[in-house]
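Numbering-wise, the sequence shown is residues -22 to -1, 1 to 375 according to mature numbering (1 follows the signal peptide of the UniProt record, and there is no 0). Ideal Cβ positions, reconstructed from N, Cα and C, are used throughout, including at glycine.
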Amino acid sequence: MIPIGFLGLLFLLLALYCGIDPFKHSAISEFPDFESYKVDLPPWELVPADRDKDNLLQKSEIKFLNQVQGPESMAFDPLGRGPYTGVADGRVLLWDGQNWKDFAYTSSNRSEICNPKPSPQSYLPNEHICGRPLGLRFDKNTGDLYIADAYLGLFKVGPEGGLATPLVTEVDGVPLRFTNDLDIDDEGNIYFTDSSSKFQRRNFMQLVFSSENSGRLLKYNLYTKETAVLVRNLQFPNGVSLSKDGSFLVFCEGCPGRFACFYILLKYWLKGEKAGSTEVFAILPGFPDNVRTNKEGEFWVAIHCRRFTYAHIMGLYPKLRKFILKLPISAKIQYLLQIGGKLHGIVVKYSPDGKLLQVLEDSEGKVVKAVSEVEERDGKLWLGSVLMPFVAVYNLA
Ligand SMILES: *[C@@H]1O[C@H](CO)[C@@H](O)[C@H](O)[C@H]1NC(C)=O
């Protein structure tokens, strides 16, 4: 038998270690002001349990392996060329049918530090210098490409590409720190998200661990050049997409009181008597990234992982979460704990009124380990991923 006193001493030493973190081994050691916030979790029974038992995403074709690193967003221009995608070294690339060509970039200060590296993660230290394009959208009328660069802000580049022009770098005196995704309406309004004004993209795991709420949904007008904050105090707002009729937009919100692996799709009314108000569009089965509309006006949402018991408990007890985050365990392992132990891709489709229509997944993470965006085009889903060195293509037929 181990004496109680000994266990008590052990616990005391552990608590002391976590309090001081002398070797700076914890996932939050670089963030002395790190705070964790409580998460108001909707009940389990509201979370869709629908599964794709056949793991259909495993039938996806892996394309462009090691030719593209971390292609988050997939876009086609109004002439049907593409896809275009933003990669980890800061470039926006264009697939011309035979090769990937340099199309555009956001940083005016690119140098050899932005040169090719072995994995999407190896670019992290220099992303603020080389740029990191996430959301991409074409203006269907002008062919201009709009780019949400995680570090540098909102950009525009003409149909011929080249160095993009910054449109917004700060709003209300608060710099954009994690510009994430955007969409454009027919009236020259660009709706976009800034995921956090505290954590940058390279620290997205700490943002998830914290559940802090400095994220914003913003609107930039091309003609007045003014930016308005539509919704503030959001926890990790991410993808954004207008409805087909333009009467509302949906955006992914992580953690407004919701911890990792548990997110909600919100609906923000743009027109009609509810204009300016926000309501729940759908409760998602897990941790979302971008959302895109197809021709029918349905929404495809990329999900990083399913909701998981561990994340649920951690969401409810922020002090316990902070304690565990102070243990000498790397952010990557802490993150894997949150998402159920392994990366696995899920994509879900919702009707324009928020009904879950389809679930496709690779629950074993064999082929599609992670999905950041789903772009439906001519019966195919183009699956981008910020973590992977390839594009996966799933044939819907
Ligand atoms: C340009 O990049 C270099 C690193 O390659 C950095 O030292 C320098 O501060 C950058 N200049 C600006 C204006 O950002």
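Residue from the options with nearest C-alpha to residue i
i, options, result
"residue 188", "261, 213 and 276", "213"
"residue 384", "179, 229, 231 and 160", "Since the first residue shown for the chain is -22 and the last is 375, residue 384 is missing from the structure and cannot be characterised."
"residue 40", "357, 345 and 375", "345"
"residue 49", "97, 201, 29 and 157", "97"
"residue 250", "272, 118, 308 and 224", "224"
"residue 180", "309, 30, 320 and 356", "309"
"residue 348", "29, 268 and 289", "268"
"residue 170", "131, 24 and 357", "131"
"residue 172", "165, 192 and 186", "192"
"residue 174", "23, 194 and 167", "194"
"residue 307", "361, 7 and -16", "7"
"residue 156", "137, 126, 138 and 144", "126"
"residue 154", "140, 332, 142 and 176", "176"
"residue 355", "330, 299, 60 and 256", "60"
"residue 166", "37, 263 and 134", "134"
"residue 164", "273, 220 and 32", "220"
"residue 30", "331, 375 and 263", "263"
"residue 273", "330, -13, 103 and 375", "330"
Test item: CB-CB of residue i and residue j under 8 angstroms
i, j, result
"residue 124", "residue 91", "no"
"residue 338", "residue 325", "yes"
"residue 211", "residue 266", "no"
"residue 83", "residue 105", "no"
"residue 277", "residue 318", "no"
"residue 328", "residue 183", "no"
"residue 149", "residue 196", "yes"
"residue 396", "residue 323", "Nothing can be reported for residue 396, as the shown portion of the chain is limited to -22 through 375."
"residue 68", "residue 88", "yes"
"residue 381", "residue 303", "Because the chain in this structure spans residues -22 to 375, residue 381 falls outside the shown range and cannot be described."
"residue 190", "residue 13", "yes"
"residue 222", "residue 275", "yes"
Length of the line joining the Cα atoms of residue i and residue j
i, j, result
"residue 226", "residue 2", "46 angstroms"
"residue 101", "residue 112", "14 angstroms"
"residue 73", "residue 305", "45 angstroms"
"residue 56", "residue 353", "14 angstroms"
"residue 51", "residue 62", "8 angstroms"
"residue 122", "residue 152", "27 angstroms"
"residue 376", "residue 245", "Only positions -22 to 375 of the chain appear in this structure, which leaves residue 376 out of reach."
"residue 237", "residue 15", "Low local confidence applies: a pLDDT of 37 at residue 237 is under 50, so the model's placement there is unreliable, with the coordinate-based value given in what follows. Roughly 9 angstroms between the two C-alpha positions."
"residue 58", "residue 71", "15 angstroms"
"residue 243", "residue -9", "39 angstroms"
"residue 342", "residue 202", "49 angstroms"
"residue 234", "residue -20", "Its pLDDT being 45, under 50, residue 234 is placed unreliably by the model, and the measurement read from it follows with that caveat. Residue 234 and residue -20: Cα-Cα distance of roughly 44 angstroms."
"residue 228", "residue 26", "18 angstroms"
"residue 21", "residue 316", "18 angstroms"
"residue 119", "residue 270", "19 angstroms"
"residue 77", "residue 54", "15 angstroms"
"residue 258", "residue 350", "21 angstroms"
"residue 373", "residue 28", "21 angstroms"
"residue 107", "residue -11", "44 angstroms"
"residue 281", "residue 360", "14 angstroms"
"residue 24", "residue 261", "7 angstroms"
"residue 301", "residue 81", "46 angstroms"
"residue 241", "residue -17", "42 angstroms"
"residue 248", "residue 147", "24 angstroms"
"residue 109", "residue 85", "5 angstroms"
"residue 288", "residue 185", "17 angstroms"
"residue 117", "residue 297", "46 angstroms"
"residue 139", "residue 362", "21 angstroms"
"residue 239", "residue 10", "Because residue 239 carries a pLDDT of 41, less than 50, the predicted location of this residue cannot be relied on, and no value is offered for it."
"residue -15", "residue 358", "59 angstroms"
"residue 141", "residue 94", "19 angstroms"
"residue 218", "residue 284", "20 angstroms"
"residue 340", "residue 37", "9 angstroms"
"residue 279", "residue 178", "23 angstroms"
"residue 137", "residue 145", "16 angstroms"
"residue 299", "residue 255", "32 angstroms"
"residue 364", "residue 32", "25 angstroms"
Chain D contact for residue i (CB, 8 angstroms cutoff)
i, result
"residue 192", "The structure shown contains no chain D, having only a single protein chain."
- Item | the segment 198 to 209 touching the segment 290 to 304, judged by at least three CB pairs closer than 8 angstroms | No, the segment 198 to 209 does not touch the segment 290 to 304.
- Query: Should the segment 41 to 50 be regarded as contacting the segment 359 to 369, the criterion being three or more beta carbon pairs within less than 8 angstroms?
  - Reply: Yes: at least three Cβ pairs fall under 8 angstroms.
- Message: If you measure from each CB to the nearest heavy atom of ligand 1 and keep those under 7 angstroms, what residues do you get, in chain order?
- Response: Matched residues: 87, 89, 91 and 107.
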